[in-house]
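Residue numbers (the working numbering): 1158 to 1323. To keep things clear, I will list the structure first and then write my remarks on it.
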Amino acid sequence: MFTDIETDRLLLRPLHEADRQAMVDIHTDPRTNRFHPDPPDVPRASAMFSDWLAHWAEHGFGYPAVTERGGAAEVLGMCGVRVREFHGEKVLNLGYRFRPSAWGKGYAVEAGLAVLEWCARELPSVPVLASVSVDNKPSLRVAERLGFTDYTEEVYEGALSRHYRR
1158 MFTDIETDRL LLRPLHEADR QAMVDIHTDP RTNRFHPDPP DVPRASAMFS DWLAHWAEHG
1218 FGYPAVTERG GAAEVLGMCG VRVREFHGEK VLNLGYRFRP SAWGKGYAVE AGLAVLEWCA
1278 RELPSVPVLA SVSVDNKPSL RVAERLGFTD YTEEVYEGAL SRHYRR
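Okay, here's the thing in structure tokens:
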């Protein structure tokens, strides 16, 4: 279902087993977890990655790896959607996380817009939700720049979070 997406600067492609170490490194970096009340350790980050691969196998989409287009194959991060239940409703959870060396370049917004276009085209009847800790101002700005405006606030994964909806 999901095929590679190219933006002006980025390539979003399905995750592969070869991406495990890069994703574990990104998701266990203390800088990427400064707003996470219970950051994953290496075994938990590896288990998350295994869950993501299983989601790809079941649904044909998930959290893609993001690399620079036409450049080095280094994984900069991930940005995509996974199926999630939210208050008894099936939604697409928008997730994005990038290595600190990729911060401040607009990659999350660029990749996020491409993912949202894909969702509108491929799964138009399923709402997209982005859950962001209220303390994570950079991520809140990304969600708002992606056009998310309506939200509720409640505790999610141990932190007061803003649940944006499109």
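Using N, Cα and C, we set each Cβ at its ideal position, and we do this for glycine too.
- Here DSSP, grouped into helix, strand and coil, assigns S1288 to strand.
- When the five nearest sequence neighbours on each side are left out, the beta carbons in the same chain lying within less than 7 Å of the beta carbon of P1197 are those of H1184, T1185, M1205, in order along the chain.
- Taking P1295 as reference, the option from M1235, G1219, W1260, R1322 with the minimal CA-CA separation is W1260.
- Residues P1196 of the same chain have their beta carbon placed closer than 8 Å to that of P1187, with the five preceding and five following residues left out of the count.
- Proximity to G1228 across E1314, D1165, D1292, L1286 peaks at D1165, based on C-alpha coordinates.
- Under DSSP, V1248 forms a beta bridge with R1241.
- Judged by their CB atoms, L1249 and R1256 are not nearer to each other than the 9 Å cut-off.
- A residue is called buried when at least 16 other Cβ atoms come within 10 angstroms of its Cβ; M1158 does not meet this threshold and is exposed.
- Contact annotation: A1222 and R1170 have beta-carbon atoms nearer than 9 Å.
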